[in-house]
Amino acid sequence: MRSAEGNTTVTEMDSRPFGARPAVPLALVWVFPLASEPRVELAGDGKRTLSLGRDDSSDVRLRGDGVSRQHALLRLGSAGAPPVIEDLGSRNGVRVNGEPVRSAELAPGAVVRLGGWVGVVTAAPGAFAEVAPGLWGGAALAACIAPLGRAAASDLPLVLEGETGTGKEVVARAVHQQSGRPGPMLAVNCAALPEGLAEAELFGYRRGAFTGADRASPGFFRSAEGGTLLLDEVSDLPLSIQAKLLRVLEQREVQPLGEVRPVPVDVRLIVAGQQSLAKAVQEGRFRADLLARVEGVTVRLPPLRQRREDVLPLFSRLLATMANGNTPAVESDFVERLCAHDWPFNVRELVLLVRRLLVLLGGESTLHAVHLPERMGERAPSPRSVEPRATAPEAAASEPVELPALVAALRASNGNVARASALLGITRQRAYRLMEGNAVDLDALRQEGEP
Amino acid sequence: MKERAERRLGEVVGGKYKITRFLAAGGMGSVYEAQHTLVKRRFAVKFLHPDLARKRELLVRFQREAEAAGALESENVAAALDFGVTGDGAPFIVLEYLAGVSLERLLEVEGTLPAARATELVQQACRGVQAAHALGIVHRDLKPHNLFVCRREDGTDLLKVLDFGVAKLETLETSAATRTGTVLGTPSYMAPEQARGEKSVGHGADVYALGAILYELLSGKKPHPGASHNAILHHISTQPAVPLASACEGLAEGLVTVVEQALAAAPEDRPASAEAFGHALAPWVEHRAWPAPKLEATPAAREGESSSTELAPVAPLAEASGAPSLAVASLERERESSHPQRPPRPFIVLAGGASLLALGLFLSRGGAPPPQRSPVPPALAPAAAVTEVSHDEGRSRDVAAAPRARAPEPVAPLATGAPAPPRAVGLPAAEPAASSHRAARRSAPTPASRPGAKRENRGTLADAPAAPALFDSTNPYRAP
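Protein sequence lines, in the order shown, are assigned to chains A and B.
Number 421 in this note's numbering belongs to position 420 of the first sequence; there are no gaps in the numbering.
Number 471 in this note's numbering belongs to position 455 of the second sequence; there are no gaps in the numbering.
In structure tokens:
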């Protein structure tokens, strides 16, 4: 057991229940003005602090607009303790997720703004790059799609999961391109197929096979012969058609409507959906045997809000490619809101935003936050404020904790000080101090707890 | 800082340069006017800040850059002439003393320049930069503030590239202390690779800057929009320059193409060298005399009225010369010993300060009675015109240029009794072809008639601490 003295540097966050927070090495990466600025590693021992400011003596020197000489202090996180940022009385303040804060914990995805600088806290820092043909992102996205690089050249069926707008079709095209398959790549949204026609559309039909079939159709499978077929929202297919799909995969042949003989096909199948197919199986919407047959490699594309560091680079790329050279500049308040937005429709939403800004604000030379749609300002969780430890640890305690409460908590936790202080919401350090002044016999309490 | 800087007045450094006047101070040190004790010629002496001089690496670099700059043989470069270390350990560079205005100031006054003049100025800058490139020196901080426009005797422009090496020095200094935020200064003329802080910034970055400068001379706008340092920086690093054709109508298509090539995002897509860029501009270049810039009233000028002491040495000289050019002879000792038969001197330096601008204000009002505290007659207009005051920071910027032994150009002879200016008009009298140029000037937009443009920009950047910025490294950041 550590002594009270030995614990003088234990942080406030130690009072958190153990295991509640996985220790992810986080980093603060700057997205504005330049993504090339060195990132700030946030993993540490929970003690080290870094100063941020305009001063030459700052650990992280930020030059540019609106940064005070001594702007903020970063307390590095440790296992079980997230990093914390504190305002050092800066003129323009510290903002986390769009809110001014005096001090705040930095969770993954937190958007930090200090004056003219905007950064994002991420567990996967890395350069923004074209991770697959036509697909741009940082390390988080690159890690996600890494398995596809190895699987692309095979004819393994793939499952792509991801929210709408996360780039499932782009990934499918990239895989197709990389696979070297000679045939075409076709993408079919199964949710959009009329239920009665789904089978005909997929597998083809003979002329006169049904009313209105005034000429034959090869269907999507045969159209994609030698290539790749993406079936998006595959769990929306009727179960009866799922059964036929299974047969196609097993036999490598399709049975067009009205045809007597099945037709062999060579198609690489990629199925996709917003939800996990396993969940669709549980809900009875997707055949388990079909899942087993298509699940060669499964990749879940991360939503944009889980890779906020990619938002501005994506925005800039879209702007550069869509604007014909005449693009506005963006200010830090704009960037902050852009990054802090949750992007429920992901990149598609971003594309639409760029298009909209270009049409409506073509004449603006600089974009500010006010140019963004109003609803984009909303973001559910505001950062959890914590007391600045460095200033006054004693005075920082929100409520006085009485000795009886501590003893009770210690009893309840079999004399485990960490757990007891967690129950009371105080630091372990503080618990030790209370005990020290009041002759609490920890050993006795522990023995009490034993049968 | 100024007080500390001015302590050198009267000192003789390097055994022969007597410090006669404080000119400006910047983040890296301060600049004084000095007179050679033997040859009686004016120079400008730049001192490296003693704190910086203590860093050995910096000191070595400072000296190496001085050597390199000294080796530059181009009429388009304001070269360093000497180097030394003072008794108290402050290294200094001795520079030419120049008369003229920075391109930045000229642009403020003129709004935009005609393509014929803009291309010629940039072509000359290309020559100066090419000479440096040939020696393996990359400027890396080219901007209108660093290009100085002098007037030859015949009224044609002579452009001098300033501050070679200082930019590099600055970079070194910051890279040592900085872990983040390495990009400093005005980003508007920075090449994308430079803005992104890439290590290997080569000649292409200077070509880009020259392109950006030409872009601004022609259109009055910067190639990348943005109201703040960071917004501009971000735009440069992620977006192409706003097409010149959409920033400025009526330009020759070919010229637009040449400028946009220089502004290509990838260095390999730009003209292969500064020289090549200069050549590409040839079809539009017109070498002829231009009217002297007309200085407008600025707030700084008005403030400057209170300190008119510096006018004293200038006034009689300008009066004596009345030379039809900006490069009026202006040194009192010239007047004193006034030898009309003396061989022509390439450049004269005219360091003025805010007070001269005050004079410019008066003159530009066309014969209004002079401000009370300005005892200078209207004939001094040319003198006023050669002085540059950065009105937003209230600092004066004098630039050095000295006669160079090999200076090939015919230049304004000092105090050689040029025709007296037509005082009655009260306009800057030193125009060669007064009538036609005056007409041209009248049509030229003045700062006041250009809503937005410069001043608006400054509005967002200018609440900076009024740090003097001789070396241009003083950044225009807003104080938090």
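The beta-carbon is built from N, C-alpha and C at its ideal position, and this holds for glycine as well.
Straight-line Cα distance separating residue j from residue i
i	j	result
A/V298	A/P148	8 Å
A/Y433	A/L404	11 Å
A/A445	A/Q430	20 Å
A/L315	B/L97	50 Å
A/E200	A/I146	31 Å
B/G227	B/A134	11 Å
A/N98	B/Q255	26 Å
A/E38	A/P183	43 Å
B/L74	B/L68	7 Å
A/Q71	B/R212	25 Å
B/H155	B/K176	13 Å
B/V2	B/V117	Given a span of 17 to 496 for chain B in the structure shown, any question on residue 2 of chain B remains unanswerable.
B/G218	A/L320	28 Å
A/T165	A/A173	14 Å
A/L291	A/L339	40 Å
B/S262	A/A370	25 Å
A/V282	A/F129	36 Å
B/L123	B/H149	26 Å
A/L362	A/L157	46 Å
A/P26	A/L43	7 Å
Secondary structure of residue i, DSSP reduced to three states
i	result
B/Y205	coil
A/D444	helix
A/V130	Residue 130 of chain A is actually Ala in this sequence, not Val. The answer is strand: DSSP assigns A/A130 an E or B state.
A/G120	strand
B/D173	strand
B/D222	helix
A/V176	helix
B/C264	coil
B/W300	helix
A/R151	helix
A/D66	coil
A/A330	strand
A/L232	strand
A/V418	helix
B/S46	strand
B/H52	strand
A/T167	coil
Within-8 Å CB hit, residue i to chain B
i	result
A/G274	no
A/V355	no
A/L194	no
A/V171	no
A/F33	yes
A/G1	Given that chain A is displayed from residue 2 to residue 452, the structure contains no residue 1 of chain A and the question cannot be resolved.
A/D334	no
A/V331	yes
A/D66	yes
A/T50	no
A/T367	yes
Anticipated Cβ contact below 8 Å, residue i with residue j, distance rounded
i	j	result
B/S204	B/I248	6 Å
A/R62	A/P126	That pair is no contact at about 19 Å.
A/Y206	A/G259	5 Å
A/G416	A/L443	5 Å
A/V171	A/L136	5 Å
is_contact[residue i, chain A] using C-beta, thresh 8 Å
i	result
B/E312	With a pLDDT of only 45 at B/E312, under the threshold of 50, the placement of this residue in the model should not be trusted, and no figure is reported.
B/L249	yes
B/V258	yes
B/P241	yes
B/H65	no
B/R70	no
Check: residue i C-beta below 7 Å from any heavy atom of the ligand HEM
i	result
B/R143	No copy of the ligand HEM occurs in the structure displayed, which carries no ligand at all.
| field | Start-end ranges of the alpha helix (DSSP H) lying completely within the stretch 62 to 145 of chain B, minimum 4 residues | value | As far as the stretch 62 to 145 of chain B is concerned, its whole alpha helix (DSSP H) runs of at least 4 residues are 66 to 69, 72 to 87 and 119 to 126.
| request: Let me know the beta strand (DSSP E) ranges lying completely inside the stretch 265 to 303 of chain A, each 3 residues or longer, listed in chain order. | output: Here the runs fully enclosed are 269 to 274 and 298 to 301.
| request: Would you mind listing the alpha helix (DSSP H) stretches within the stretch 200 to 228 of chain A that are 4+ residues and don't spill past its ends, in chain order? | output: Runs found: 220 to 224.
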